[in-house]
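So the structure is just underneath, and the comments pick up after that.
2 protein chains.
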Amino acid sequence: MTGEAGTDAAAAGGRRAADAIVERLELRIVSGELPDRTALPPERALMAEFGASRTVIREAITALSSRGLIENRPRYRPIVRKPGFDSALGALGGIVGHLLGETEGVKALFDSRIFLERALVREAAMHARRADIQALREALAANEAAIPDSARFYATDVAFHAVLYEIPRNPIMPAIHRAYVAWLAVHWHRMLRSPERNRVNYQSHRTIFEAILERDPDAAEAALASHLNAAWEYVRVTFEPAVEPMGVGQMEAGQP
Amino acid sequence: MTGEAGTDAAAAGGRRAADAIVERLELRIVSGELPDRTALPPERALMAEFGASRTVIREAITALSSRGLIENRPRYRPIVRKPGFDSALGALGGIVGHLLGETEGVKALFDSRIFLERALVREAAMHARRADIQALREALAANEAAIPDSARFYATDVAFHAVLYEIPRNPIMPAIHRAYVAWLAVHWHRMLRSPERNRVNYQSHRTIFEAILERDPDAAEAALASHLNAAWEYVRVTFEPAVEPMGVGQMEAGQP
DNA sequence: GTCGCAGTTTTGATCGTACCAAACTGGCTG
DNA sequence: CAGCCAGTTTGGTACGATCAAAACTGCGAC
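As they're listed, the protein sequences go chains A and B. So the first sequence is numbered by numbering that gives the first Met the number 0: it starts at 0 and just counts up by one. So the second sequence is numbered by numbering that gives the first Met the number 0: it starts at 0 and just counts up by one.
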């Protein structure tokens with residue numbers, strides 16, 4: 000069993016003993032033999048069951064853990080967790096995190112978000128249902144009410160954008176949104192914020208909403224692009240430690 | 000996001016000894032002390048260096064590996080690999096793979112691709128440069144030439160779509176495409192293929208290309224949606240083991 | 001009966017050692 | 001210099017032991 004195509008992320012070239020264990024445990028989990036939320040058998044039991052040493056069992060468990068199939072808190076029994084898109088994208092965020100601090104990967108990531116949301120508002124303008132419109136309206140109202148309170152504004156800002164991700168009725172979209180938000184949340188405390196900036200952002204949201212109401216995809220897309228491109232300026236500074244944007248005063252980028 | 004947004008794949012609650020090693024090695028890698036492409040020190044050396052047992056060192060190494068920071072082929076020294084969006088999305092694919100076989104996560108994933116590519120062709124129709132158009136033209140020609148050879152057709156099909164992902168000039172986009180392709184590649188051997196089907200797909204590509212040429216985003220988007228929605232029918236069957244689509248004969252979904 | 005607490009058992013985390021096989025190294029030979 | 005071979009390095013796996021925290025048990029108090 001030397002030459003094999005590893006299923007692992009970092010394309011492995013061979014097959015270790017643990018891989019077989021991983022595979023068998025995988026099967027048990029997806030087959031429902033090990034239901035979600037239940038604890039894995041003790042390591043020593045697995046060891047007897049698979050006829051492998053604990054070394055291998057542990058390796059298999061950590062592998063499963065890193066693949067998101069089990070949750071492995073330090074001193075507790077591993078918990079079976081069927082992965083959703085959330086956990087998958089969460090792992091992605093963890094990895095992407097490394098290439099953020101250095102390259103312009105940050106910009107690329109933010110641009111990808113702009114690109115996606117442009118498509119989302121276009122979709123919304125064309126296919127939003129009554130319930131979606133209502134949800135947007137409510138999110139917008141909450142957003143307006145929260146202008147004086149930057150923390151609450153941030154939350155309602157996130158919520159407003161979240162509605163956009165709900166509209167395609169694809170569970171991946173909200174998961175992507177949560178991944179973006181989780182990423183930005185790390186840097187939020189470094190972003191400048193102020194009621195004035197909140198008001199600007201609220202107005203942007205309002206413009207987007209109205210374009211959606213009027214079923215005007217182009218206007219919606221343009222408004223969103225403008226909104227997020229402006230937000231980028233406030234995100235960028237959090238990644239450029241040396242730069243002190245003196246002219247900006249104390250403002251905020253509430254750009255979820 | 001119910002209670003907590005764990006940064007890790009499987010939100011850890013505590014801290015094991017290996018975590019510290021992981022962190023320190025991470026630092027060495029991102030700081031450039033361990034340059035890209037170089038091999039990690041031997042396990043025994045790390046063991047002495049960090050004052051930990053090999054068990055812990057190995058656990059740290061597998062953790063790094065699963066996070067994409069090092070490449071860990073079975074009997075070789077681990078290689079430092081600063082992660083790109085490729086490795087990140089590759090890991091994502093590994094995790095997502097689990098929720099494919101069972102739920103309609105497959106459909107959701109494919110739909111997300113349609114959604115993204117719709118935006119991509121729209122972008123192409125609006126902002127493609129001369130070089131992009133030329134690349135599309137060449138990819139299309141190669142695609143046409145490969146119609147009789149299904150394997151080669153598949154490759155050129157992938158290449159054609161790849162050009163679309165290049166146009167936004169965002170490194171994330173091609174990475175996403177490669178992730179999609181890697182995912183579909185697993186099931187390609189089960190897809191029905193035939194020169195007739197190839198011809199149909201080629202015609203779809205041609206229609207998309209012409210719409211881009213004419214700078215008609217709506218037409219391009221519509222053509223692409225039609226193309227991929229049709230392709231979905233051929234992808235779907237590979238996920239429904241019991242169904243034997245008798246009427247379809249031997250055809251192929253070359254839907255990269 | 002239920003609740004709380006101390007003692008016991010289970011079990012994950014870590015360590016050390018050992019052995020094997022594959023990869024690597026360096027020198028020897030033609 | 002190419003190619004082969006033995007020695008060394010190094011990763012993969014195994015076994016056993018120890019420790020501390022979690023889980024469990026049983027007893028007594030209210």
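Yeah, the Cβ is synthetic: ideal placement off N, Cα and C, and Gly gets one too. Since we're looking at a predicted model, the values are computed, not measured.
Subject >> Status (buried if at least 16 other CB within 10 Å, exposed otherwise) for H204 of chain B >> reply: Start at 1 with the first residue of the second sequence, and residue 204 of chain B comes out as number 205. Looking at its Cβ environment, which holds 16 or more other Cβ atoms inside 10 Å, H204 of chain B is buried.
**OP:** Determine the contact status of I94 of chain A and G67 of chain B, defining contact as a CB-CB distance below 8 Å.
**Re:** Translated into the one-based positions of the first sequence, residue 94 of chain A becomes position 95. Translated into the one-based positions of the second sequence, residue 67 of chain B becomes position 68. Yes; because the gap between Cβ atoms is below 8 Å, this pair is in contact.
**OP:** Could you pull out every residue in the same chain whose Cβ sits closer than 8 Å to the Cβ of R57 of chain B, ignoring the five residues on either side in sequence?
**Re:** As a first step, residue 57 of chain B is located in the second sequence; it is residue number 58 there, counting from the start. Around R57 of chain B: E42.
Original post:
Going by Cα to Cα distance, which pick from B:Q202, B:D156, B:S86 and B:D110 is closest to W231 of chain B?
Top reply: In the second sequence, the residue the question calls residue 231 of chain B occupies position 232. The shortest C-alpha separation from W231 of chain B is found at B:D110.
Original post:
What residue from B:E48, B:D215, B:W182 and B:T206 has the CA that sits closest to L91 of chain B's CA?
Top reply: In the second sequence, the residue the question calls residue 91 of chain B occupies position 92. Answer by Cα proximity: B:W182.
Original post:
In the structure shown, what three-state DSSP assignment does E137 of chain B receive?
Top reply: By 1-based counting over the second sequence, the position of residue 137 of chain B is 138. Here E137 of chain B sits in helix by DSSP.
Subject >> Inter-stretch contact at 8 Å, needing at least 3 Cβ pairs: the stretch 222 to 236 of chain B / the stretch 111 to 122 of chain B >> reply: yes
Original post:
What distance in whole Å lies between the Cβ atoms of A219 of chain A and A124 of chain A, which are believed to be in contact at a cut-off of 8 Å?
Top reply: Residue 124 of chain A sits at position 125 when you count from the first residue of the first sequence. Residue 219 of chain A sits at position 220 when you count from the first residue of the first sequence. The Cβ separation is near 4 Å, so the contact holds.
Original post:
According to the neighbour-count rule (16 or more other Cβ atoms, all chains shown, within 10 Å of its Cβ), is E70 of chain B buried or exposed?
Top reply: Here residue 70 of chain B is taken as the residue at index 71 of the second sequence, counted from 1. By the neighbour-count rule (16 or more Cβ atoms within 10 Å), E70 of chain B is buried.
Original post:
Does any C-beta atom of chain A lie closer than 8 Å to the C-beta of T206 of chain B?
Top reply: The residue given as residue 206 of chain B occupies position 207 in the second sequence. Not closer than 8 Å to any Cβ of chain A, the Cβ of T206 of chain B fails to qualify, so no.
Original post:
Using a beta-carbon distance cut-off of less than 8 Å, what residues from the stretch 55 to 84 of chain B approach chain A?
Top reply: R57, E58, T61, A62, S64, S65, R66, G67, L68, I69, E70, N71, R72, P73, R74, Y75, R80, K81, P82, G83 and F84
Subject >> Residue of A:T155, A:E48 and A:S52 minimising C-alpha distance to R136 of chain A >> reply: Here the question's residue 136 of chain A lines up with position 137 in the first sequence. Selected option, being the one with the closest Cα: A:T155.
Original post:
Alpha carbon to alpha carbon, what distance is there between L139 of chain B and P244 of chain B?
Top reply: Numbered from its first residue, the second sequence carries residue 244 of chain B at position 245. Numbered from its first residue, the second sequence carries residue 139 of chain B at position 140. Residue placement at P244 of chain B is poorly supported in this model, since its pLDDT is 45, which falls under 50; the coordinates still yield a value, given next. Distance between the alpha carbons of P244 of chain B and L139 of chain B: 30 Å.
**OP:** On a CA-only basis, which of B:M190, B:D131, B:I146 and B:E213 is nearest A161 of chain B? Give me that one, please.
**Re:** Within the second sequence, residue 161 of chain B is the residue found at index 162, counting from 1. Of B:M190, B:D131, B:I146 and B:E213, the residue nearest in Cα terms is B:D131.
**OP:** Determine the closest residue to N228 of chain B out of B:L108, B:P77, B:E25 and B:W187, with distance taken between C-alpha atoms.
**Re:** For the purposes of this step, residue 228 of chain B is identified with residue 229 of the second sequence, where counting begins at 1. That would be B:L108, whose Cα lies nearest to the Cα of N228 of chain B.
**OP:** Mind checking the stretch 85 to 96 of chain A against chain B and listing, in chain order, the residues whose C-beta falls within less than 9 Å of any C-beta there?
**Re:** D85, S86, A87, L88, G89, A90, L91, G92, G93, I94, V95 and G96
Original post:
What does I171 of chain A reach in chain B if we use C-beta pairs closer than 7 Å?
Top reply: Taking the first residue of the first sequence as 1, we reach residue 171 of chain A at position 172. The contacting residues are A107, L108 and S111.
Original post:
At what residues does the alpha helix (DSSP H) containing G104 of chain B begin and finish?
Top reply: Along the second sequence, one-based indexing puts residue 104 of chain B at 105. Note, G104 of chain B: alpha helix (DSSP H), G104 to H126.
**OP:** Specify the secondary structure class of A51 of chain B as computed by DSSP and reduced to three states.
**Re:** The residue given as residue 51 of chain B occupies position 52 in the second sequence. DSSP places A51 of chain B in coil when its eight states are reduced to three.
Original post:
So, using beta-carbon positions, are L119 of chain B and Y153 of chain B closer together than 8 Å?
Top reply: Here residue 119 of chain B corresponds to residue number 120 of the second sequence, with the count starting at 1. Here residue 153 of chain B corresponds to residue number 154 of the second sequence, with the count starting at 1. No.
**OP:** Just grab the DSSP bridge partners of E70 of chain B for me.
**Re:** On the second sequence, residue 70 of chain B is found 71 positions in, with the first residue counted as 1. B:I78.
Original post:
When DSSP builds the beta bridges, which residues end up paired with A38 of chain B?
Top reply: As a first step, residue 38 of chain B is located in the second sequence; it is residue number 39 there, counting from the start. In DSSP, A38 of chain B forms a bridge with B:I78.
Subject >> C-alpha distance - F238 of chain B paired with M46 of chain B, whole-angstrom precision >> reply: Residue mapping note: residue 238 of chain B aligns to position 239 of the second sequence, counting from 1. Residue mapping note: residue 46 of chain B aligns to position 47 of the second sequence, counting from 1. Rounded to whole angstroms, F238 of chain B to M46 of chain B spans 46 Å at the Cα level.
Original post:
Under three-state DSSP, which class holds L24 of chain B?
Top reply: Here residue 24 of chain B refers to the residue found at position 25 of the second sequence. If DSSP states are grouped into helix, strand and coil, L24 of chain B belongs with the helices.
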